[in-house]
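Asker: Numbering (the numbering used here), first residue to last: 1064 to 1311. The beta-carbon is built from N, C-alpha and C at its ideal position, and this holds for glycine as well. Just dropping this structure here.
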């Protein structure tokens, strides 16, 4: 998915920089306002990292996407403060929000300092905001006792299953399914079979669908047939050479 290239609010940059050595902040809440990643609020630490993490479930809008920049340090004296970027993208969020939040994680980490982040965490349900669920998604740093061959095989099988699950979920984050209208599919069949040389389609994000704009035969110059104000996908069959061959 393409990068969103959103603007990072200067207030967010300043507050995050101050939180590295100043007042202890447990998390910052960030939303997208227009084309800007904006600081919406901040919360001081509570009794523990685990309880503060689980409190996010009640603090976040169940129907609206947001970023949470969450501090993983238990105590202000823990030294360098590591941060976790939580992408909260519920299934009921508007499609445009899903697309923007899925494609702007690199923007926010690059602007604030990639080295300060311990990692990303994607959540789309209240269950994902249980601290135990977050911990289970992370590789264990604990030292291990020597294992028997059977134990090694069992562990490798369990790790493969977990990695497969995580890859599936991470891949889903960057994908928003769109349905093709019947006339779009029919026109693409005509294009494939050579009955038309031009198919123009558009994405309607609010309805999560791909819709046909026009199809038929168009002649050069092709830029005269394109709406300069609206984004489109266009399939063109262009004649090549005197033998009548064409390419798309």
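1. Residue 1186 to residue 1247, Cα distance in whole Å?
2. If I follow the unbroken beta strand (DSSP E) through residue 1150, where does it start and stop?
3. If you draw a straight line from the C-alpha of residue 1106 to the C-alpha of residue 1300, how long is it?
4. Should residue 1233 go down as buried or exposed, given a rule of 16 or more other Cβ atoms within 10 Å for buried?
5. On the premise that residue 1069 lies in contact with residue 1099, defined as a C-beta separation below 8 Å, what is that separation, rounded to the nearest angstrom?
6. If I measure Cβ to Cβ from residue 1227 and keep anything under 8 Å in the same chain, skipping five residues before and after, which residues do I get?
7. Take every Cβ of the segment 1268-1285, pair it with every Cβ of the segment 1153-1161, and state whether three or more of those distances are shorter than 8 Å.
8. Please name the residue in 1077, 1274, 1287, 1292 whose C-alpha comes closest to that of residue 1174.
9. Identify whether residue 1136 lies in helix, strand or coil by the three-state DSSP scheme.
10. Using the beta-carbon count (16 or more within 10 Å), is residue 1153 buried or exposed?
11. Look at the alpha carbon of residue 1263 and the alpha carbon of residue 1169, and state the distance between them as a whole number of angstroms.
12. With DSSP run on the structure shown, which of helix, strand or coil describes residue 1201?
13. May I ask which residues mark the beginning and end of the beta strand (DSSP E) holding residue 1265?
14. In its own chain, which residues sit with a C-beta less than 7 Å from the C-beta of residue 1094, not counting the 5 before and 5 after it?
15. Going by DSSP, what residues sit across from residue 1186 in a beta bridge?
16. Count the other CB atoms within 10 Å of the CB of residue 1296; is the residue buried (16 or more) or exposed (fewer)?
17. Could you tell me which residues DSSP pairs with residue 1100 in its beta bridges?
Answerer: In brief:
1. Their backbone Cα atoms lie some 34 Å apart in a straight line.
2. From DSSP, the beta strand (DSSP E) with residue 1150 extends over 1146-1151.
3. In a straight line, the C-alpha of residue 1106 is about 57 Å away from that of residue 1300.
4. In this prediction, residue 1233 has a pLDDT of 45, which is less than 50 and means its spatial position is unreliable; what the coordinates show is noted afterwards. Flag for residue 1233 reads exposed.
5. So it is a contact: roughly 6 Å between Cβ atoms.
6. Residue confidence for residue 1227 is low, a pLDDT of 49 falling below 50, so the modelled location carries little weight; the figure read from the coordinates is stated next. For residue 1227, where only same-chain residues beyond five positions count, there are no Cβ hits under 8 Å.
7. These segments touch.
8. Of the candidates 1077, 1274, 1287, 1292, 1077 places its Cα closest to the Cα of residue 1174.
9. Coil at residue 1136, not helix or strand.
10. A buried status is given to residue 1153, since no fewer than 16 other beta-carbon atoms sit within 10 Å of its beta-carbon.
11. Computed Cα separation, rounded: 32 Å.
12. The three-state secondary structure of residue 1201, taken from DSSP, is coil.
13. Per DSSP, residue 1265 belongs to the beta strand (DSSP E) from 1261-1267.
14. For residue 1094, the CB contacts under 7 Å within the same chain, skipping 5 residues up- and downstream, are 1101, 1103, 1129 in chain order.
15. Beta-bridge pairing links residue 1186 to 1151.
16. With fewer than 16 other Cβ atoms inside 10 Å of its own Cβ, residue 1296 counts as exposed.
17. As DSSP reads the structure, residue 1100 sits in a beta bridge with 1071, 1095.
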